[in-house]
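Colleague:
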Amino acid sequence: MSEQIEKAYQKQPGIFQNSKVSSKNKRWYKEVGLGFKTPKEAKFGSYIDKKCPFVGEVNIQGRILTGVVASTKMKRTIIVRRDYLHYVPKYNRYEKRHANIAAHISPAFENAGVEAGDIVTIGQCRPLTKTVRFNVLKVQKAKTTNKSFSKF
Numbered sequence: 369m370s371e372q373i374e375k376a377y378q379k380q381p382g383i384f385q386n387s388k389v390s391s392k393n394k395r396w397y398k399e400v401g402l403g404f405k406t407p408k409e410a411k412f413g414s415y416i417d418k419k420c421p422f423v424g425e426v427n428i429q430g431r432i433l434t435g436v437v438a439s440t441k442m443k444r445t446i447i448v449r450r451d452y453l454h455y456v457p458k459y460n461r462y463e464k465r466h467a468n469i470a471a472h473i474s475p476a477f478e479n480a481g482v483e484a485g486d487i488v489t490i491g492q493c494r495p496l497t498k499t500v501r502f503n504v505l506k507v508q509k510a511k512t513t514n515k516s517f518s519k520f
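Residue 430 in our numbering is what sits at position 62 of the sequence shown, and the numbering runs on without skipping anything.
Following this line, the structure appears as structure tokens:
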């Protein structure tokens, strides 16, 4: 029962656990669609996360964004930095700007070892907390470069 690390009893909704007919791996998962594959850890793992888009009760709808991981200091939440250029008509030039977005990261990506600098794809969902409105759908390891501002 390694998934029981919270105060409340953790279980997947819709799965009856006290069946007289025992089947070992009762696990519900879904495809989020939009061409994103469900990780193997979501299909065959034992974690329980109600905010996970693969095994939880969260639908991906709205925007799909890509950004660079800025911080992984929170539990199951990362900060994604999105760099962009803003046009200033008076000077006929562009200025660098950025936006930080908080996103929920599922335990399915724990084996990927997400670190600062990795490129992630996030999808919009319903509000999960006060500041989190996105869920991580895909993780790509960072390429080793020393440039400070790059458009992926």
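Glycine residues also receive a C-beta, built at the ideal position from the N, C-alpha and C atoms.
From a predicted model like this one, the values you see are computed outputs, not experimental measurements.
Per DSSP, His468 forms a beta bridge with which residues?
Modeller: As a first step, residue 468 is located in the sequence shown; it is residue number 100 there, counting from the start. Looking at the sequence shown, residue 468 is not His but Asn. BP columns for Asn468 point to Arg449.
Colleague: Taking contact to mean at least 3 C-beta pairs separated by less than 8 angstroms, is the stretch 431 to 449 in contact with the stretch 467 to 478?
Modeller: Result yes; three or more Cβ-Cβ pairs closer than 8 angstroms.
Colleague: Cβ of Ile490 within 8 angstroms of Cβ of Asn503?
Modeller: Position 122 of the sequence shown, counting from 1, holds the residue named residue 490. Position 135 of the sequence shown, counting from 1, holds the residue named residue 503. Contact flag set, yes.
Colleague: In three-state terms, what does DSSP make of Glu409?
Modeller: Here residue 409 refers to the residue found at position 41 when the sequence shown is read from its first residue. The answer is helix: DSSP assigns Glu409 an H, G or I state.
Colleague: With a 10 Å radius around its C-beta and 16 neighbouring C-beta atoms as the bar for buried, classify Pro495 as buried or exposed.
Modeller: For this step, residue 495 is matched to residue 127 along the sequence shown. So Pro495 counts as exposed.
Colleague: Straight-line CA distance for Lys398 to Leu505?
Modeller: In the sequence shown, counting from the first residue as 1, residue 398 sits at position 30. In the sequence shown, counting from the first residue as 1, residue 505 sits at position 137. Roughly 13 angstroms separates the two Cα atoms.
Colleague: Go through its chain and collect everything with a Cβ distance to Ala376's Cβ below 7 angstroms, but skip five positions before and after it.
Modeller: For the purposes of this step, residue 376 is taken as residue 8 along the sequence shown, with counting starting at 1. Result list for Ala376: empty, nothing under 7 angstroms.
Colleague: Decide if Gly424 is buried, meaning its Cβ has at least 16 other Cβ atoms within 10 Å, or exposed.
Modeller: Walking along the sequence shown from the start, residue 424 turns up at place 56. Burial call: buried.
Colleague: Which residue from Arg449, Ile447 and Arg465 puts its Cα closest to that of Tyr455?
Modeller: What you label residue 455 is simply residue 87 of the sequence shown in a count that begins at 1. When each option's Cα is compared against that of Tyr455, the closest is Arg465.
Colleague: DSSP puts Thr525 in a beta bridge; with which residues?
Modeller: Residue 525 cannot be examined here, being either before or after the span of the chain that is shown, 369 to 520.
Colleague: Indicate whether Ala467 and Arg450 have their beta-carbon atoms separated by less than 8 angstroms.
Modeller: Your numbering for residue 467 matches position 99 in the sequence shown. Your numbering for residue 450 matches position 82 in the sequence shown. Contact flag set, yes.
Colleague: Since Ser439 is in the beta strand (DSSP E), which residue starts that stretch and which ends it?
Modeller: As a first step, residue 439 must be located in the sequence shown, where it is residue number 71. Taken as a continuous stretch (DSSP letters only), the beta strand (DSSP E) holding Ser439 covers Ile432 to Met442.
Colleague: With distances taken Cα to Cα, identify the nearest neighbour of Ser414 among Pro407, Asn427, Lys405 and Arg395.
Modeller: Locating residue 414 in the sequence shown gives position 46, where the first residue counts as 1. Checked all of Pro407, Asn427, Lys405 and Arg395; the closest Cα to Ser414 is Arg395.
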